[in-house]
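**Q**
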Ligand code: MSP
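In structure tokens, the structure reads:
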């Protein structure tokens with residue numbers, strides 16, 4: 004059995020979740036469900052990033068302690084995940100003892116490698132992204148991510164010898180084209196690393212909300228060193244029982260947003276090399292969502308609230324839209340018009356109508372009974388070829404996180420089925436008793452295509468896939484593994500009874 008380990012970033016708990024957080028977590032959920040469907044041994048980790056100066060300041064502004072704020076907001080992330088049907092296997096909080104022990108272990112290892120030294124840090128820091136910047140990296144004197152002023156800091160600090168790993172990292176990226184995806188991001192990181200890596204300040208002294216440096220507790224560890232370690236602390240790294248670490252590390256995918264790529268594709272691999280831990284297989288950076296064309300931000304107060312979208316349009320249309328509308332890796336725009344269009348055209352019209360049309364005809368002409376055909380016409384052969392090609396293409400797309408591509412080919416298959424009905428005209432066949440076998444064949448073929456569609460769709464829209472399955476009358480559940488066995492054409496038992504149910508997706512007016 005193959006293992007599959009996928010992670011999301013751990014989210015800052017200075018605030019409540021918005022669509023950007025929902026996006027990465029949804030992508031990880033779909034990937035995890037896909038691999039469970041394949042029959043893999045899957046581990047899906049998410050969690051919250053609870054230390055650092057930003058948290059310290061946010062708590063002070065709200066007049067609560069950092070841990071009170073962390074407890075409250077960490078729960079609000081968990082609540083959203085449960086509302087969104089996110090089936091994670093573990094939720095890590097960086098304030099948990101299991102995490103702190105692993106961070107101490109990482110620190111001790113990089114120190115043992117001779118990669119930690121004490122010095123003084125003088126430079127620029129953006130508290131919002133908890134990141135150091137050089138003058139050159141600023142845009143109009145502001146943080147390039149937030150477009151807000153940065154702080155000048157000067158303090159005693161421990162440094163990590165990132166510079167020592169520059170050449171090894173370049174070679175690693177060159178030898179492992181799948182390490183950073185998509186390709187454009189890989190090139191960006193490669194040229195950044197080649198331009199020279201500076202040692203990294205890994206401790207702070209001007210606040211206390213963090214994990215103390217093990218051998219100098221007057222310092223707290225830099226929040227990114229703390230946070231990145233979550234990917235292995237959750238697996239038991241540094242603990243006596245590290246069975247999960249042995250089983251699941253290295254991770255198959257770290258899914259992240261493009262703004263935190265350097266942390267994941269530069270700092271993290273250097274720390275791991277220093278600590279003697281293998282590197283993750285792929286760091287995949289997705290793009291950013293804008294809201295009706297505008298960048299989302301605190302100052303505009305225009306973050307899209309996932310609850311609002313879900314309450315208005317339903318959870319699964321939201322899940323579908325996020326992964327269908329924009330290629331994973333590119334920036335995209337969220338608009339209610341685009342969402343409504345997708346719901347009405349792809350979900351209600353193409354898929355929903357195909358199901359209700361087929362179930363309706365089966366009910367009317369054969370009392371729902373589906374009979375596997377003895378013969379195949381050339382249109383049937385063509386339809387079956389389309390299905391087989393779709394399965395292959397969807398698998399390839401999912402292997403590279405190309406969710407939109409997987410959905411596009413699945414929907415092309417659904418359109419092919421709608422056309423197949425138009426061409427084979429079961430409503431005409433039904434008028435002629437001599438055409439009974441042909442009518443049976445057509446109905447069976449469409450139902451079988453719908454069964455395969457339900458399986459392929461199940462990681463994206465598990466509930467809709469289950470409702471399709473029920474109407475088709477197929478045995479088991481669409482998400483039952485393994486994919487390879489049950490996705491083959493002809494898997495629907497002859498004699499299955501299809502029943503028309505409620506509309507799969509109501510139209511939005
Ligand atoms: N705590 C760090 C991650 C540490 S991982 C070891 C962090 N947290 S965050 O809460 O600020 O952001 C988490 C994720 O949300 C990032 O991947 C970021 O790209 C994503 N998004 C924030 N705004 C976004 C959009 N507008 N659109 C898409 N994703 C966005 O960074």
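In the working numbering, the protein residues as written are 4 to 512.
The beta-carbon is built from N, C-alpha and C at its ideal position, and this holds for glycine as well.
With a Cβ-Cβ cutoff of 7 Å, do residue 233 and residue 13 count as a contact?
**A** For residue 233 and residue 13, yes; Cβs fall inside 7 Å.
**Q** With hydrogens ignored, establish whether the beta-carbon of residue 185 is closer than 6 Å to any heavy atom of the ligand MSP.
**A** Checking the Cβ of residue 185 against the ligand MSP gives no.
**Q** By a C-beta neighbour count over all protein chains shown, 10 Å radius and 16 as the cutoff for buried, is residue 500 buried or exposed?
**A** Exposed is the call here.
**Q** Mapping DSSP to helix, strand and coil, what is residue 497?
**A** Note: residue 497 maps to coil in three-state DSSP.
**Q** If you drop the 5 nearest sequence neighbours on each side, which residues of the same chain put their C-beta closer than 7 Å to that of residue 449?
**A** Hits under 7 Å: 361, 420, 423, 424.
**Q** Once DSSP output is grouped into helix, strand and coil, what is the label at residue 40?
**A** Reduced to three states, the DSSP call for residue 40 is helix.
**Q** Per DSSP, what kind of secondary structure is residue 364 in: helix, strand or coil?
**A** Helix, per DSSP.
**Q** First and last residue of the beta strand (DSSP E) that includes residue 271?
**A** First-last for residue 271: 271–278, but that is the alpha helix (DSSP H), not the beta strand (DSSP E).
**Q** In this structure, does DSSP put residue 16 in helix, strand or coil?
**A** Residue 16: coil per DSSP, three-state reduction.
**Q** According to DSSP, is residue 100 part of a helix, a strand, or is it coil?
**A** Note: residue 100 maps to helix in three-state DSSP.
**Q** In terms of alpha-carbon separation, which member of 136, 97, 29, 222 lies closest to residue 58?
**A** The candidate whose alpha carbon is nearest that of residue 58 is 97.
**Q** Would you mind reading off the limits of the alpha helix (DSSP H) that contains residue 520?
**A** The structure shown has nothing for residue 520, since the chain only spans 4 to 512.
**Q** Per DSSP, what kind of secondary structure is residue 294 in: helix, strand or coil?
**A** Reduced to three states, the DSSP call for residue 294 is strand.
**Q** Which partner residues of residue 47 appear in the DSSP bridge assignment?
**A** Answer is 9, bridged to residue 47.
**Q** How big is the Cα-Cα spacing for residue 461 and residue 508?
**A** Approximately 15 Å between the Cα atoms of the pair.
**Q** Between the Cα of residue 83 and the Cα atoms of 309, 102, 328, 351, which residue gives the shortest distance?
**A** Looking at the Cα atoms, 309 is the closest of the given residues.
**Q** Using a Cβ-Cβ cutoff of less than 7 Å, which residues in the same chain neighbour residue 221 once the five nearest sequence positions on both sides are dropped?
**A** Counting only Cβ-Cβ distances below 7 Å, and skipping sequence neighbours, we find 208.
**Q** I'd like the ranges of any alpha helix (DSSP H) spanning at least 4 consecutive residues and lying wholly in the region 291–365.
**A** DSSP runs (the alpha helix (DSSP H)) wholly in the region 291–365: 309–316, 318–328, 339–345.
**Q** With distances taken from CA atoms, which of 327, 168, 325, 100 is nearest residue 116?
**A** Taking only the C-alpha atoms, the option nearest residue 116 is 168.
**Q** Assuming residue 224 contacts residue 270 under a Cβ cut-off of 8 Å, what Cβ separation, rounded to an integer in Å, is found between them?
**A** Their Cβ separation, rounded to whole angstroms, is 13 Å, which puts residue 224 and residue 270 out of contact at 8 Å.
**Q** Are the C-beta atoms of residue 136 and some chain B residue less than 7 Å apart?
**A** Chain labels in this structure do not include chain B; a single protein chain is all it has.
**Q** Does the ligand MSP have a heavy atom nearer than 6 Å to the CB of residue 168?
**A** Not so, every heavy atom of the ligand MSP lies at least 6 Å from the Cβ.
**Q** With a threshold of 8 Å, are at least 3 pairs of Cβ atoms found where one atom belongs to the region 316–323 and the other to the region 277–295?
**A** In short, these stretches do not touch, since the Cβ pair count stays below three.
**Q** Per DSSP, which one or two residues make a beta bridge with residue 482?
**A** DSSP output for residue 482 lists no bridge partner at all.
**Q** Return the residue from the list 100, 27, 136 that minimises the CA-CA distance to residue 147.
**A** Out of 100, 27, 136, 136 has the C-alpha closest to the C-alpha of residue 147.
**Q** Assuming residue 259 and residue 22 form a contact by the criterion Cβ under 8 Å, report the distance between their Cβ atoms to the nearest whole angstrom.
**A** Rounded, the Cβ-Cβ distance is 16 Å, inconsistent with contact.
**Q** Would you list, in sequence order, the uninterrupted alpha helix (DSSP H) runs of no fewer than 4 residues that lie entirely inside the region 180–251?
**A** If we require 4 residues or more, the alpha helix (DSSP H) runs fully inside the region 180–251 come out as 186–197, 226–231, 233–236, 246–251.
**Q** According to DSSP, simplified to helix, strand and coil, what is residue 125?
**A** DSSP places residue 125 in strand when its eight states are reduced to three.
**Q** Ignore the nearest five residues each way along the sequence and tell me which others in residue 335's own chain have a CB closer than 7 Å to its CB.
**A** The answer, listed in chain order, is 290, 292, 328, 329.
**Q** Would residue 10 pass as a contact of residue 254 if the rule is Cβ separation under 7 Å?
**A** Their beta carbons are under 7 Å apart, which means residue 10 touches residue 254 by this criterion.
**Q** Could you tell me if the beta carbon of residue 24 falls within a distance shorter than 6 Å of some heavy atom in the ligand MSP?
**A** For the ligand MSP, at least one heavy atom lies less than 6 Å from the Cβ of residue 24.
**Q** Take the Cβ of residue 68 as the centre, count every other Cβ of all protein chains shown within 10 Å, and call the residue buried at 16 or more, exposed below.
**A** Exposed, by the Cβ-count rule.
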